[in-house]
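Numbering (the working numbering), first residue to last: 1364 to 1763. Okay, structure first, notes after.
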Ligand code: ARG
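Next up, the structure:
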């Protein structure tokens, strides 16, 4: 019986060439799978047809946008996930979901192999393959670009030779990955880390320096999850989509970062994540109002650990699940509204209110109505500093 192989298909040159390339090398029938994670761009039906025209035996598209928004972007938001304090995990979040869809389609179609188009230098190969090892341990993974010399030049030559219906001249100088949570762009002139990004690297946001009236938006959260914008109840997918648009217009969420890849390389990447950055800003501030101090401090560490696990390709690890259980519990009171002013590349919080907030006007005010007993502070300060004071006394004596 002919073997079958499921290919993670994007519709671009490399994965279009990969269809014939892996069919020739493995003798297997190729099933192309395109997963919609909100990357926009070409219509998925066009992409589906292209895979068939490039020789796929079957071509499948999966609309995973709601699943991506709810099960991947929302946990990242509850974790305030920013790798190296700045990168909202855009690509790192979509890989485990695509791996899950690859595993499902492989099972449905009785495929014994799965293929992806990653190189050996990036994080995405790790995320796909660790995901597949956890979800479909019997399925073999093939990576033609990494393992069988399918270089860019060879891909272009192959596409021309076979007359594949894919343009090789319209290829961008950049390697781009985009989804609902944001956009990643690397290579080309960006590899010179002193060179400022050219305007053509951006796709999700406008120049923040363009003159424009500020936009004001109120985001409502229930238990750590955004549920409405400006009093309109919306799904996570709708909320992220709308904020990408509104925050993107003001150039919010642009990140130029030299980052530490899991494989040991430092690389320079330009990210755009207008909706994600606006939401993380709002969510962080609501937590400042609603979380008890020690819970807040600990949650920051837990969120960072969660972020590093996901960046490092360990979405399917028990620690990620356990940290999420903690994060869900910690989010129980993160309910309320945050007002943001979107302008000049920044999403600035200008107001917050919560039925579960811990902010106490009586304790905070310097005006009349003060309920804080300042007399208690004196003794507190003395005892708090006592160990340091005793040690400082000793050090002074030893020095004299
Ligand atoms: N460096 C980022 C990460 O590992 C993004 C990689 C996305 N790929 C790309 N071709 N830009 O998550």
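Glycine is no exception: its CB is placed at the ideal position from the N, C-alpha and C atoms. Model, not experiment: these values are computed from the prediction.
Residue range 1453 to 1471 is occupied by the alpha helix (DSSP H) that includes residue 1453. Following the DSSP letters along the chain, one finds residue 1413 inside the alpha helix (DSSP H) bounded by residues 1407 to 1416. In the structure shown, residue 1585 falls within a strand segment according to DSSP collapsed to helix, strand and coil. A buried status is given to residue 1410, since no fewer than 16 other beta-carbon atoms sit within 10 Å of its beta-carbon. In the displayed model, residue 1688 falls within a helix according to three-state DSSP. For residue 1538, no alpha helix (DSSP H) run applies; the uninterrupted beta strand (DSSP E) run containing it begins and ends at 1538 to 1542, by DSSP.
The beta carbons of residue 1545 and residue 1455 sit no closer together than 8 Å.
The segment 1365 to 1382 makes contact with the segment 1471 to 1484: 3 or more CB pairs, one atom from each, lie closer than 8 Å.
Annotation for residue 1513: 1384, 1507 place their beta carbon closer than 6 Å to its own, counting only its chain and skipping 5 residues before and after. Annotated three-state conformation of residue 1568 is coil, per DSSP. Scanning its chain for C-beta atoms nearer than 6 Å, with the 5 sequence neighbours on each side dropped, one finds around residue 1486 the residues 1624, 1625, in chain order. Counted as a single uninterrupted DSSP element, the stretch harbouring residue 1394 is not any alpha helix (DSSP H) but the beta strand (DSSP E) occupying residues 1392 to 1399.
Residue 1699 and residue 1597 have their C-alpha atoms spaced approximately 15 Å apart.
In its chain, beyond the 5 residues on either side, 1665 have a beta carbon closer than 7 Å to the beta carbon of residue 1689. Counting along the chain, residue 1650 sits inside the alpha helix (DSSP H) bounded by residues 1637 to 1653. Between residue 1537 and residue 1549, the CB-CB gap stays under 8 Å. The beta strand (DSSP E) runs lying completely inside the segment 1574 to 1627 and spanning 3 residues or more are 1578 to 1585, 1588 to 1592, 1617 to 1623, given in chain order. Classified as buried, residue 1584 has 16 or more neighbouring CB atoms from the shown chains inside 10 Å of its CB. Of the candidates 1662, 1649, 1600, 1662 places its Cα closest to the Cα of residue 1442. Boundaries of the beta strand (DSSP E) around residue 1503: 1503 to 1505. In the displayed model, residue 1449 falls within coil according to three-state DSSP, outside both helix and strand.
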